[in-house]
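Asks: Quick one: the structure is below, questions incoming.
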Amino acid sequence: MWRTPGAGKRVAPGSGADVGAGTGAASGIGEARTVSGAAARRSAWKRAVAALAGLVALALAVVTIVAGVAAFSLAAGKSRYDAGEFAASAQAYDVATHAMPDSLGRWKAFFGAGTARLKGGEAAAAISDLERALELVPPGTSRDEGGVAEANPDVVAEDTGPTDECKVRINLAVATMSVAGGESDPQFTAAGYADAVRIIAPCEDEQSEKVRTQAEESQAEAEEAARQEAERHEEGDQEPDAGEAGDQNSEPMSEQDRELLERISEAEQQRREWSEYDKQFGSKNGENW
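Quick note on the UniProt record's numbering: the sequence shown kicks off at 1 and runs consecutively.
Right, dumping it as structure tokens:
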């Protein structure tokens with residue numbers, strides 16, 4: 001029979017004193033595990049925050065670099081345009097087209113590149129850039145639509161100049177007219193001028209009206225030239241009698257002379273249209289927004 005626990009006395013297994021000692025040890029181990037788990041969670045959280053901060057810093061650095069490249073390219077494009085280096089200007093704007101996101105006005109880079117190529121005599125290449133600019137430019141063909149206010153917050157309501165969209169349409173229409181004027185077939189020429197009329201049609205400002213008038217007049221002239229050429233073809237299909245051949249030997253030459261004069265007139269008309277546009281609208285720099 002076990003005696004009551006005391007100093008130097010053995011304690012029976014399962015006694016209260018034995019249970020109390022075991023409970024205290026288990027409690028200490030549990031508390032240690034709890035503290036260790038909390039520390040691990042805090043450490044993991046700190047590592048996650050540090051990683052996230054690093055990603056944010058990297059993203060900001062990339063955005064800063066891209067914005068810097070875009071700004072430098074736009075400035076270089078304008079500077080080279082002003083210096084008359086249109087090919088170099090277009091190349092600088094091309095860099096900006098790749099560096100700028102759409103939300104930061106990427107249309108300006110395409111507009112600048114297309115305008116520089118148009119001024120440099122590369123109308124066909126300019127059309128591609130200007131069509132892309134037209135897709136990206138904030139919509140609005142009148143200043144009541146609100147699109148211009150977002151793109152140009154400093155524009156006053158009384159300003160009746162072209163909107164950003166119409167600036168793009170003006171240069172795109174001029175490029176289209178330039179390509180049309182170089183066509184050898186008057187039917188293709190007329191179709192090109194018709195496209196220019198369609199492009200500029202939504203705009204009603206003074207500059208757009210001038211371009212539209214030029215396009216419509218050129219279209220009418222080209223259609224008349226196409227009609228006359230069709231008539232000449234019909235006349236050529238009718239072979240003259242043998243007895244009349246000698247009398248009509250000079251007729252084809254007369255028709256050729258008239259056609260040559262018409263071509264010369266058309267070329268002069270194109271030169272005059274471009275000169276008039278250049279004089280009326282001044283610098284067609286891509287930075288003209």
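Glycine included, each C-beta is placed from N, C-alpha and C at the ideal position.
For Arg-227, count the other beta carbons within 10 Å of its own beta carbon; 16 or more makes it buried, fewer makes it exposed. Which is it?
Replies: As a position in the sequence shown, residue 227 is number 227, starting the count at 1. Label assigned to Arg-227: exposed.
Asks: State the DSSP-derived secondary structure class of Glu-204, mapped to helix, strand or coil.
Replies: If you number the sequence shown from 1, residue 204 lands on position 204. Of the three classes helix, strand and coil, the one that applies to Glu-204 here is coil, per DSSP.
Asks: Distance, Cα to Cα, Tyr-193 vs Glu-209?
Replies: The count along the sequence shown starts at 1 and reaches residue 193 at position 193. The count along the sequence shown starts at 1 and reaches residue 209 at position 209. One C-alpha to the other measures close to 15 angstroms.
Asks: For Asp-102, I'd like the list of residues in its chain whose CB is within less than 7 angstroms of its CB, leaving aside the five on either flank, ordered along the chain.
Replies: Locating residue 102 in the sequence shown gives position 102, counting from the first residue. Leu-136.
Asks: With respect to the alpha helix (DSSP H) encompassing residue 290, which residues constitute its N-terminal and C-terminal limits?
Replies: No statement about residue 290 is possible, as the shown extent of the chain runs from 1 to 289 and does not include it.
Asks: Going by beta-carbon coordinates alone, are Thr-189 and Ala-222 separated by less than 8 angstroms?
Replies: Position 189 of the sequence shown, counted from the first residue, corresponds to residue 189. Position 222 of the sequence shown, counted from the first residue, corresponds to residue 222. Yes. Within cutoff.
Asks: Let me confirm a value: Gly-243 is counted as buried when at least 16 other C-beta atoms fall within 10 Å, else exposed. Which label applies?
Replies: For the purposes of this step, residue 243 is identified with residue 243 of the sequence shown, where counting begins at 1. The predicted position of Gly-243 is uncertain, since its pLDDT is 48 and thus under 50; a value taken from the coordinates is nonetheless stated next. The residue is exposed, with fewer than 16 neighbouring Cβ atoms inside 10 Å.
Asks: Can the beta-carbon of Arg-80 be found less than 8 angstroms from the beta-carbon of Ala-70?
Replies: One-based indexing of the sequence shown puts residue 80 at position 80. One-based indexing of the sequence shown puts residue 70 at position 70. Going by C-beta atoms, Arg-80 is not nearer than 8 angstroms to Ala-70.
Asks: Suppose you measure from the CA of Ile-199 to the CA of Glu-131; what does that come to, to the nearest Å?
Replies: On the sequence shown, residue 199 is found 199 positions in, with the first residue counted as 1. On the sequence shown, residue 131 is found 131 positions in, with the first residue counted as 1. Cα to Cα, Ile-199 sits roughly 10 angstroms from Glu-131.
Asks: So what's Pro-139 in DSSP terms, helix, strand or just coil?
Replies: Walking along the sequence shown from the start, residue 139 turns up at place 139. If DSSP states are grouped into helix, strand and coil, Pro-139 belongs with coil.
Asks: Less than 8 angstroms separating the beta-carbons of residue 329 and Phe-86?
Replies: There is no way to answer for residue 329, as the model of the chain reaches only from 1 to 289.
Asks: Using the C-alpha atoms, what's the distance from Gln-207 back to Gly-282?
Replies: Your numbering for residue 282 matches position 282 in the sequence shown. Your numbering for residue 207 matches position 207 in the sequence shown. Unreliable positioning characterises Gly-282 in this predicted model, as indicated by a pLDDT of 41, which lies under 50. A coordinate reading is not provided.
Asks: So is Gln-248 buried or exposed if we call it buried at 16+ other beta carbons inside 10 Å?
Replies: Position 248 of the sequence shown holds residue 248. Reliability of the predicted coordinates at Gln-248 is poor, the pLDDT of 47 falling under 50, and no value is obtained from them.
Asks: For Pro-162, does the count of other Cβ atoms within 10 angstroms reach 16, so buried, or fall short, so exposed?
Replies: Translated into positions along the sequence shown, residue 162 becomes position 162. By the 10 Å Cβ count, Pro-162 comes out buried.
Asks: Measure from the alpha carbon of Ala-225 to the alpha carbon of each residue in Asp-195, Glu-217, Ala-215, Gln-187, then state which is nearest.
Replies: Here residue 225 corresponds to residue number 225 of the sequence shown, with the count starting at 1. Checking every option, the nearest Cα to that of Ala-225 belongs to Gln-187.
Asks: Glu-183 by DSSP, collapsed to three states: which one?
Replies: The residue given as residue 183 occupies position 183 in the sequence shown. Glu-183: coil per DSSP, three-state reduction.
Asks: Would you say Ala-116 and Ser-178 are within 8 angstroms of each other, going by their C-beta atoms?
Replies: Position 116 of the sequence shown, counted from the first residue, corresponds to residue 116. Position 178 of the sequence shown, counted from the first residue, corresponds to residue 178. No, these two residues do not count as a Cβ contact at 8 angstroms.
Asks: Ignore the nearest five residues each way along the sequence and tell me which others in His-233's own chain have a CB closer than 6 angstroms to its CB.
Replies: The residue labelled residue 233 in the question sits at position 233 within the sequence shown. Closer than 6 angstroms at the Cβ level, and outside the excluded window around His-233, lies no residue.
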